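Sequential numbering of the sequence shown, starting at 5, is according to our numbering.
Where is the CB? At the ideal position from N, CA and C, for every residue including glycine.
Please read these numbers as outputs of a predicted model, since none were measured by experiment.
Beneath this line is the structure, given in structure tokens, with notes to follow.
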Amino acid sequence: MRPSSPIGVFDSGVGGLTVLRQIVKKLPQEDVIYLADTARVPYGGRPPQEIIKINHEIIPFLINQGAKMIIMACGTSSSIAYPVVKDKYPIEIINLVEPGSRGAVAASPRGNIGIIATAATINSQAFQKEIKELKKDAKVHAVGCPLFVPLVEGGFIEAEETKRVAKEYLKPLLQEKIDTLILGCTHYPHLSKIIRSITGPEIAFIDPAEEAVADAKKLLKKAGTLKIKVSPAKYEYLVTGSVIQFQDLGSRLLGKPISGAKQVTLS
5 MRPSSPIGVF DSGVGGLTVL RQIVKKLPQE DVIYLADTAR VPYGGRPPQE
55 IIKINHEIIP FLINQGAKMI IMACGTSSSI AYPVVKDKYP IEIINLVEPG
105 SRGAVAASPR GNIGIIATAA TINSQAFQKE IKELKKDAKV HAVGCPLFVP
155 LVEGGFIEAE ETKRVAKEYL KPLLQEKIDT LILGCTHYPH LSKIIRSITG
205 PEIAFIDPAE EAVADAKKLL KKAGTLKIKV SPAKYEYLVT GSVIQFQDLG
255 SRLLGKPISG AKQVTLS
């Protein structure tokens with residue numbers, strides 16, 4: 005792949021924009037193709053085989069679009085599909101579980117770590133196993149938060165109902181006196197203000213997107229495919245559902261206008 009080729013990023017919806025935000029910050033010269041599979045959002049309640057099948061549709065699609073690397077900007081895909089697909093394609097695929105777990109272990113003073121994610125991610129035990137491999141005596145507490153993705157996709161970022169739901173989800177983790185919290189779905193950093201208002205300032209938040217993009221930068225440097233800045237970065241948005249809905253909500257969450265998104269069909 006040429007250094008000028010884009011990075012492919014995908015998620016079920018607007019959650020992966022938290023990964024794009026990190027790319028803009030850490031790799032501002034890189035072009036990006038962002039695929040939002042909004043026709044099938046959320047992924048978190050789907051059976052594992054269906055999630056794997058979806059990934060086997062998206063990854064070749066992004067490769068055909070010229071991606072030099074793919075970042076799974078989706079905790080559910082990272083947990084369930086990554087172990088199956090990682091060695092089946094000719095380009096580097098980056099997941100969120102390994103970098104997110106590494107960041108949590110490094111940040112946790114007492115090894116008392118909480119995870120919030122989709123039901124599929126929690127049930128896969130991916131984060132729990134990775135943390136235990138890195139720190140055998142870590143205490144890991146995980147809670148599935150199935151309503152968070154629909155609330156974010158619906159634009160209810162600061163709604164009272166969202167805060168009420170968040171309090172219920174976080175209650176068992178706060179009772180365990182966690183010192184670190186992994187936001188194990190890329191939609192969840194969009195709710196960090198509400199989550200922080202409930203946890204207080206003492207608990208360290210881990211956004212796996214930060215570590216994942218740092219890993220991407222290292223791998224691109226090692227492969228000699230880091231883009232040399234010769235022109236402003238281009239961002240292409242592809243959506244399987246409503247273009248207007250994605251552009252409106254995405255612009256609000258990204259903090260910069262999203263325009264020119266195109267609707268695509270994957271299957």
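(request) Name the two residues that bound the continuous beta strand (DSSP E) containing A77. (result) Per DSSP, A77 belongs to no beta strand (DSSP E) and is neither H nor E.
(request) Could you tell me whether the Cβ atoms of I95 and M73 are closer together than 7 Å? (result) yes
(request) Can you have a look at D91 and say buried or exposed, based on whether 16 or more other CB atoms are within 10 angstroms of its CB? (result) Exposed, since its Cβ has fewer than 16 Cβ neighbours within 10 Å.
(request) Using three-state DSSP, classify F209 as helix, strand or coil. (result) strand
(message) To the nearest angstrom, how far is the alpha carbon of P150 from that of P46?
(response) 9 Å
(request) Since I believe R25 is in contact with L187 (beta carbons under 8 Å), could you give me their beta-carbon distance rounded to a whole number of angstroms? (result) Rounded, the Cβ-Cβ distance is 13 Å, inconsistent with contact.
(message) Need the endpoints of the beta strand (DSSP E) that H145 sits in, please.
(response) 143 to 148
(request) Could you check the C-alpha separation between K266 and D41 for me, to the nearest Å? (result) 12 Å
(request) For L174, name the three-state secondary structure that DSSP assigns. (result) helix
(request) Assign G118 to buried or exposed, taking buried as 16 or more other Cβ atoms, counted over all protein chains shown, within 10 Å of its Cβ. (result) buried
(message) How far does the beta strand (DSSP E) with D15 in it extend, from its first residue to its last?
(response) 11 to 15
(message) Mapping the DSSP letters down to three states, classify N59 as helix, strand or coil.
(response) helix
(request) Please name the residue, chosen from I120, G104, V13, that lies closest to A71 on a Cα-to-Cα basis. (result) V13
(message) Since K167 and I135 should fall inside the 8 Å C-beta cutoff, what is the C-beta to C-beta distance between them, to a whole number of angstroms?
(response) Actually they are not in contact, since the Cβ atoms of K167 and I135 sit about 28 Å apart, beyond 8 Å.
(request) Report the rounded CA-to-CA distance for P64 versus L270, giving the unit in angstroms. (result) 10 Å
(request) Find the nearest neighbour of L195 within the set G159, A208, V217, A227, judged by alpha-carbon distance. (result) For L195, the nearest C-alpha among the options comes from G159.
(request) Can you give me the start and stop residues for the beta strand (DSSP E) that I97 sits inside? (result) Element bounds for I97: 96 to 98.
(message) Using the three-state DSSP reduction, which class does T166 fall into: helix, strand or coil?
(response) Residue state, collapsed to three classes: helix.
(request) State the CB to CB distance for the pair A142 and I11, rounded to an integer number of angstroms; the pair is presumed to be in contact (CB under 8 Å). (result) So it is not a contact: roughly 32 Å between Cβ atoms.
(request) Determine the direct distance from the alpha carbon of G254 to that of T22, and round the result to whole angstroms. (result) Each residue's Cα considered, the two are about 10 Å apart.
(message) P113 and D183 - do their beta-carbons sit closer together than 7 Å?
(response) yes
(request) Can you tell me the Cβ-Cβ gap for A123 and G48, rounded? I've got them flagged as a contact below 8 Å. (result) About 6 Å separates the two Cβ atoms, so the contact holds.
(message) Considering only their Cβ atoms, is the gap separating G19 from H145 smaller than 7 Å?
(response) no
(request) Pick helix, strand or coil for Y38, following the three-state DSSP scheme. (result) strand
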